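To start, the structure itself, in structure tokens.
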Amino acid sequence: MMAHLDVVTAERADWNLDPFVLNEDDEYYYGRGTIDDKAMGAIFIANLIRFKREGYVPDRDFVVALTSDEESGGSNGIGWLLENHPGLIQGALAINEGGYGLLQDGQPLANTIQIAEKIYATFRVTAKNPGGHSSLPRDDNAIYDLAEALLNIRDFKFPVELNDVMRVSFQRQAEINTGERAADFRALLETPIPQDSLDRLSAEAAINAQLRTTAVATLLEGGHAPNALPQSAVANVNVRMLPGSDPQEVLATLIAVVDNPDLLVEYRGGGSITDPSPLSEEIMSAVETVTEAMWPGTTVMPTMSTGATDGARMRRAGIPTYGTSGLFVDRNDMRIHGQDERLLKESLYGGYEFLYSLAKELSE
Ligand SMILES: [Zn+2]
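This note's numbering numbers the first residue of the sequence shown as 195 and each following residue consecutively.
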């Protein structure tokens, strides 16, 4: 059972409440980390105490790892543990953050279990030019060349690739949606995928990111004086690769998309290259059993996170890792890493029960 104690930063001025003080009203707890990820950390410890008080003896060991540094890449947290004390956290499987219950209009819609993560990768595109006096402009110009390359990247879509996890995920998406949207999710399982369904789903950022590797310009730097032709222009391109991707193949694709041999495209490094955790019967049936008992009729949906968690390093170390919390959040108002992060009080106690029962289900 793993949770990270560090949080992503927050600016006091951006919030309505102090992000670093736990505030509450009748319905919610507010504060940076309430969802990501202090609730799970608190729940794991509370449940260990509860098991101990009950004299409960599981038929497998329970290990809780509370880590630091997750939000900055994990090298000082889970990475350090795996490198220096692998025996302390060697488990048959791990329960981690990354999966939530989804509420729609206050009603449970799905309980997700994160089985895969996209892989963070940094690329850089550089345009160089001899420059000159800005009173004598020419068509060749580092800023314009770079701008064209970036627009090519904007207009390019990586091909759709669905692994087993995503096929099950979209099947369940079809079950919790209705009408054309449900049909569109079902269409994703056809070969070839009907174009109109694909276009409609690709227009939604959250769905598009589940279908394919994505690349987007995130930082820009160029020129050296207001009255000089630019001698260089550089852009950072943030890529989120599908699990199992090869950064060198992505690099070759980006070079082709940029389509200008004078520009330099480079791979600058990224996260662990991982495959999805197996959709094992053991974990799926345990999560389904507890979900059905607590929230009857709620679909259990395997997911791939578009962001990264400590789960990537665990999977890379060969420990199948599953993101599931039973913490229900409004699917249209998640607030993770956002302003006024909050967690429903009812959800905290729901997650406490869910993770308690899940641990027992997995050890009997
Ligand atoms: Zn987190």
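Cβ atoms here follow ideal geometry from the backbone N, Cα and C, with glycine treated the same way. On a predicted model such as this, the values are computed, not experimentally measured, just so you know.
When the Cα atoms are used, Asp534 and Val459 turn out to be separated by approximately 38 Å.
Here the alpha carbons of Leu356 and Val433 stand approximately 18 Å from one another.
Rounded to the nearest angstrom, the gap between the Cα atoms of Pro514 and Ser471 is 5 Å.
Taking a contact to require three or more Cβ pairs closer than 8 Å, the region 238–246 and the region 545–558 qualify as touching. Under DSSP, the beta-bridge partners assigned to Phe522 are Gly295. Three or more Cβ pairs closer than 8 Å define a contact, and the region 284–296 meets that threshold against the region 503–523. In this chain, the beta strand (DSSP E) harbouring Pro496 covers 493–499.
Nearest C-alpha to Ala429 among Leu340, Leu521, Ser266, Ala204: Leu340. Contact annotation, Glu369 with Thr493: C-beta distance approximately 6 Å; criterion of less than 8 Å satisfied. The closest heavy atom of ligand 1 lies less than 8 Å from the beta carbon of Asp231.
Annotation for Ala427: Ala321, Ala336, Ile337, Leu340, Gly416 place their beta carbon closer than 6 Å to its own, counting only its chain and skipping 5 residues before and after.
Taking non-hydrogen atoms of ligand 1 into account, the C-beta of Glu398 is found less than 8 Å away from none of them. Distances taken from the Cβ of Glu248 to the heavy atoms of ligand 1 include none shorter than 8 Å.
By the beta-carbon neighbour count (other beta carbons within 10 angstroms, threshold 16), Thr518 is buried. The beta carbon of Glu265 sits closer than 8 Å to at least one heavy atom of ligand 1. Checking the 8 Å criterion, the Cβ of Thr306 is out of range of every heavy atom belonging to ligand 1. The alpha carbon of Tyr543 has as its nearest neighbour, out of Gly295, Val202, Val251, the alpha carbon of Gly295. Judged by the Cβ position, His279 fails to qualify as a neighbour of ligand 1 at the 8 Å threshold, every heavy atom of the ligand being at least this far. Between ligand 1 and the CB of His327, the shortest heavy atom gap is not smaller than 8 Å. In this structure, the straight-line span from the alpha carbon of Ile229 to that of Gln308 is close to 16 Å.
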